[in-house]
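Enquirer: So the sequence lines, in the order shown, correspond to chains A and B.
Heads up: take any position in the first sequence, counting from 1, add 87, and you land on this note's numbering.
Heads up: take any position in the second sequence, counting from 1, add 99, and you land on this note's numbering.
Where a beta carbon is used, it is the ideal one built from N, C-alpha and C, also for glycine.
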Amino acid sequence: MSKALALLLCTGACVAHASQALKASDTAHLRYLSASGSLLLEEGQTSGTLPGRMRARVNVGATFTGNFVTYTRYGTIVGHGSATPHGSGTYESFSGTLIVTGGSGRYAHAHGKAGLYGTFNRDNYAFVVQTTGTLLY
Amino acid sequence: MRGRFLTCLLAAMLLSLGLPVLASAAPTATLSAAFTPEQLGKRTTLHFGFAFSAEPGQVPPPLTQIELRYPNNLGIGISGLGLATCAPATLSELGPKGCPTNSIMGRGEAYTGIVLGVTPIRENAPIWIVRAPNQEGHISVLFYSEGSTPVDTHIEFPGILLPANSPFGGVVSIGIPLVPTLPGAPYISVIHLHATLGPIGVTYYEHVGGVTLAYTPKGILLPSSCPHGGFPFAATFSFLDGSEAKASTAITCPDPRKKKRR
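1) Go to residue 106 (chain A), then tell me how far its alpha helix (DSSP H) extends in each direction, as first and last residue.
2) For residue 259 (chain B) and residue 183 (chain B), what's the separation of their Cα atoms in angstroms?
3) Would you check if there are 3 or more beta carbon pairs closer than 8 Å linking the segment 181 to 200 of chain A to the segment 190 to 202 of chain B?
4) Cβ atoms of residue 111 (chain A) and residue 220 (chain A): under 9 Å apart, would you say?
5) What does a CB cutoff of less than 6 Å around residue 120 (chain B) pick up in its chain, not counting 5 residues either side in sequence?
6) Determine the burial state of residue 209 (chain A): buried for a count of at least 16 other Cβ atoms within 10 Å of its Cβ, exposed for fewer.
7) Got a sec: is the Cβ-Cβ distance from residue 264 (chain B) to anything in chain A below 9 Å?
8) Which same chain residues, not among the five before or five after residue 325 (chain B), have their C-beta less than 8 Å away from its C-beta?
9) Hey, quick one: how far does the alpha helix (DSSP H) through residue 125 (chain A) stretch, first residue to last?
10) Using the rule of at least 16 other Cβ atoms within 10 Å of the residue's Cβ for burial, across every protein chain shown, is residue 160 (chain A) buried or exposed?
11) Do you know how far the Cα of residue 184 (chain A) is from the Cα of residue 95 (chain A)?
12) Does the Cβ-Cβ distance between residue 115 (chain A) and residue 143 (chain A) come in under 9 Å?
13) Below 6 Å CB to CB, which residues in the same chain sit around residue 207 (chain A) once its five sequence neighbours on both sides are set aside?
14) Show which residues of chain E have a CB atom less than 7 Å away from the CB atom of residue 212 (chain A).
15) When we look at the beta-carbon of residue 309 (chain B) and count the other beta-carbons within 10 Å, is it buried (16 or more) or exposed?
16) Taking 6 Å as the limit between beta carbons, can you name the residues of its chain near residue 156 (chain A), skipping five residues before and five after?
17) Determine, using beta carbons only, whether residue 106 (chain B) comes closer than 9 Å to chain A.
18) What are the boundary residues of the alpha helix (DSSP H) that includes residue 188 (chain B)?
19) Residue 227 (chain B) to residue 207 (chain B), Cα distance in whole Å?
20) According to the Cβ coordinates, are residue 288 (chain B) and residue 159 (chain B) closer than 9 Å?
21) Per DSSP, what are the beta-bridge partners of residue 217 (chain A) in this structure?
22) Under a Cβ-count criterion, where at least 16 other Cβ atoms within 10 Å of its own Cβ denotes burial, should residue 170 (chain B) be classed as buried or exposed?
23) Taking the runs of the beta strand (DSSP E) that are 3 residues or longer, which of them lie wholly in the segment 139 to 204 of chain B?
24) Give the straight-line distance between the Cα atoms of residue 250 (chain B) and residue 281 (chain B), rounded to the nearest whole angstrom.
25) In this structure, how does DSSP classify residue 318 (chain B) when only helix, strand and coil are distinguished?
26) What are the partner residues of residue 144 (chain A), as DSSP defines its beta bridges?
27) Between residue 313 (chain B) and residue 302 (chain B), what straight-line distance do the alpha-carbon atoms span, to the nearest angstrom?
28) Under 7 Å Cβ to Cβ from residue 269 (chain B), same chain only, skipping five residues before and after it: list those, please.
29) When the Cα of residue 106 (chain A) is compared with those of A:217, A:200, A:132 and A:195, which residue comes out closest?
30) Smallest Cα separation from residue 161 (chain B): which of B:343, B:130 and B:348?
31) Just the C-alpha distance for residue 231 (chain B) and residue 291 (chain B), rounded to the nearest angstrom, thanks.
32) If the cut-off is 9 Å on Cβ atoms, which residues from the segment 231 to 261 of chain B count as contacting chain A, listed in chain order?
33) Check residue 194 (chain A) in the structure and name its three-state DSSP category.
34) With DSSP as the reference, label residue 216 (chain B) as helix, strand or coil.
35) Flag residue 146 (chain A) as yes if its beta-carbon sits less than 9 Å from any beta-carbon of chain B, otherwise no.
36) Excluding the five sequence neighbours on either side, which residues of its own chain have a C-beta within less than 6 Å of the C-beta of residue 305 (chain B), listed in chain order?
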């Protein structure tokens with residue numbers, strides 16, 4: 088590989104990464120794996136624009152906060168989120184914001200912001216999480 | 100009933116004598132907390148309590164507000180407590196017995212008092228903690244207390260769960276209503292209170308295949324590791340006279356050697 092070609096590639100890949108925008112709307116059904124205090128470890132399938140599997144650590148406190156990794160066919164997407172619980176009773180609804188901070192593979196440069204909605208089952212600790220937003224990668 | 104009548108009569112007589120009504124200013128507060136059982140990674144019941152100092156023969160000023168901070172990573176939200184809610188109107192009208200059983204989250208007792216003339220009158224009043232519908236998007240509980248002497252009344256007041264900065268996981272903001280006693284007499288003062296939040300003494304019911312089964316809620320899940328310095332609690336108390344008192348405590352970490360011996 089010539090120095091000129093290497094420079095050209097580096098200019099394209101390293102400096103000016105061309106981003107794509109993807110309007111994504113997904114639903115994850117997470118089931119409880121383990122807990123320590125208010126911290127839950129959850130895992131489950133995601134369906135929608137970016138189907139795959141999601142693993143999340145969620146702190147169920149006065150607000151719900153947590154981070155996640157989504158494993159898709161073309162790489163992983165990682166980020167964190169925060170939501171306010173609204174409901175009461177066995178099913179507690181919540182709404183908030185999800186932030187994508189990175190990933191791997193096709194989504195190595197992923198970033199974005201999405202609406203975060205869903206329900207938390209206080210009996211079996213299962214989450215249904217819906218996200219809608221734009222993913223840049 | 101007879102005792103209550105005599106107390107009220109005595110109170111009225113003292114008032115008619117025009118004796119001064121005493122209440123101490125700037126009380127100091129102590130806060131206590133404990134887990135039963137205290138085992139990391141296991142379910143537990145939280146015991147908490149507070150007490151106020153007062154000059155001999157006096158009572159603290161009437162309490163108006165409590166901000167109680169509890170430790171981070173305490174699994175209250177996954178305790179299985181408060182699966183049902185009780186509307187404030189239901190609680191006010193019917194008491195805790197009118198609320199869904201699965202809304203009861205804890206119980207306790209308050210020791211209250213007033214000073215009429217120079218005579219301190221004190222009583223124990225039971226307390227219930229029930230899950231209430233959310234208020235302005237915040238998780239809400241209701242406290243219910245009923246007393247018989249010197250005032251035959253009941254009060255209910257809300258506690259709202261709000262986020263708190265580390266090392267706390269949240270703060271319960273509790274507004275305490277003023278409880279009048281007799282005309283011209285002071286409001287009731289809280290001298291000390293203790294309560295539990297958890298499955299001890301609580302029975303829930305669920306319907307399974309057309310059968311109603313009783314069960315004990317799981318309880319608050321403790322983390323598998325203990326925070327440095329223990330599980331911290333802190334409280335700020337506001338009083339009718341404008342004074343404030345602060346108190347803090349920590350539940351010490353269980354001795355890991357004890358666990359190994361078991």
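Expert: Taking the definition as stated:
1) That residue, residue 106 (chain A), is in no alpha helix (DSSP H); it is neither H nor E in DSSP.
2) Cα to Cα, the separation comes out at about 16 Å.
3) Judged by Cβ distances under 8 Å, the segment 181 to 200 of chain A makes no contact with the segment 190 to 202 of chain B, as fewer than three pairs qualify.
4) The answer is yes: Cβ separation under 9 Å.
5) Confidence at residue 120 (chain B) is low in this model, with a pLDDT of 42, below 50, so its placement is unreliable and the value that follows should be read with caution. 285, listed in sequence order.
6) Its Cβ being crowded by 16 or more others within 10 Å, residue 209 (chain A) is buried.
7) Between residue 264 (chain B) and chain A, the shortest Cβ-Cβ separation is not below 9 Å.
8) Result list for residue 325 (chain B): 139, 352 and 353, in chain order.
9) In the DSSP annotation of this structure, residue 125 (chain A) is not part of any alpha helix (DSSP H), being labelled neither H nor E.
10) Residue 160 (chain A) is exposed by the Cβ-count criterion.
11) Low confidence applies here, because residue 95 (chain A) scores a pLDDT of 40, under 50, leaving its location unreliable and the question unanswered by this model.
12) A contact, by the Cβ cut-off of 9 Å.
13) Answer for residue 207 (chain A): 179 and 214, listed in chain order.
14) Of the chains in the structure shown, none is chain E; the protein chains are A and B.
15) Residue 309 (chain B) should be labelled exposed.
16) Result list for residue 156 (chain A): 142, 163 and 165, in chain order.
17) With a pLDDT of 47 at residue 106 (chain B), under the threshold of 50, the modelled position of that residue is not reliable, and no figure is offered here.
18) Looking at the DSSP string, the run of the alpha helix (DSSP H) that includes residue 188 (chain B) is 187 to 193.
19) Going from the Cα of residue 227 (chain B) to the Cα of residue 207 (chain B) covers about 6 Å.
20) In this structure, residue 288 (chain B) places its C-beta atom within 9 Å of the C-beta atom of residue 159 (chain B).
21) DSSP, once it has assigned bridges, lists A:114 and A:204 as partnering residue 217 (chain A).
22) Residue 170 (chain B) counts as buried, since at least 16 other C-beta atoms from the protein chains shown sit within 10 angstroms of its C-beta.
23) Unbroken beta strand (DSSP E) stretches of 3 residues or longer found wholly inside the segment 139 to 204 of chain B: 142 to 151 and 162 to 170, given in chain order.
24) Their Cα atoms are separated by approximately 8 Å.
25) The answer is coil: DSSP assigns residue 318 (chain B) none of H, G, I, E or B.
26) A:128 and A:154.
27) Straight-line spacing of the CA atoms in residue 313 (chain B) and residue 302 (chain B) works out to 6 Å.
28) Excluding positions up to five away in sequence, the list reads 169, 260, 261, 262 and 263.
29) The shortest Cα separation from residue 106 (chain A) among A:217, A:200, A:132 and A:195 belongs to A:195.
30) For residue 161 (chain B), the nearest C-alpha among the options comes from B:343.
31) Roughly 24 Å separates the two Cα atoms.
32) Cβ contacts with chain A: 231, 232, 233, 236, 237, 238, 239, 260 and 261.
33) Here DSSP, grouped into helix, strand and coil, assigns residue 194 (chain A) to helix.
34) When DSSP states are grouped into helix, strand and coil, residue 216 (chain B) belongs to the coil group.
35) Closer than 9 Å to some Cβ of chain B, the Cβ of residue 146 (chain A) qualifies, so yes.
36) Taken in chain order, the residues that qualify are 312.
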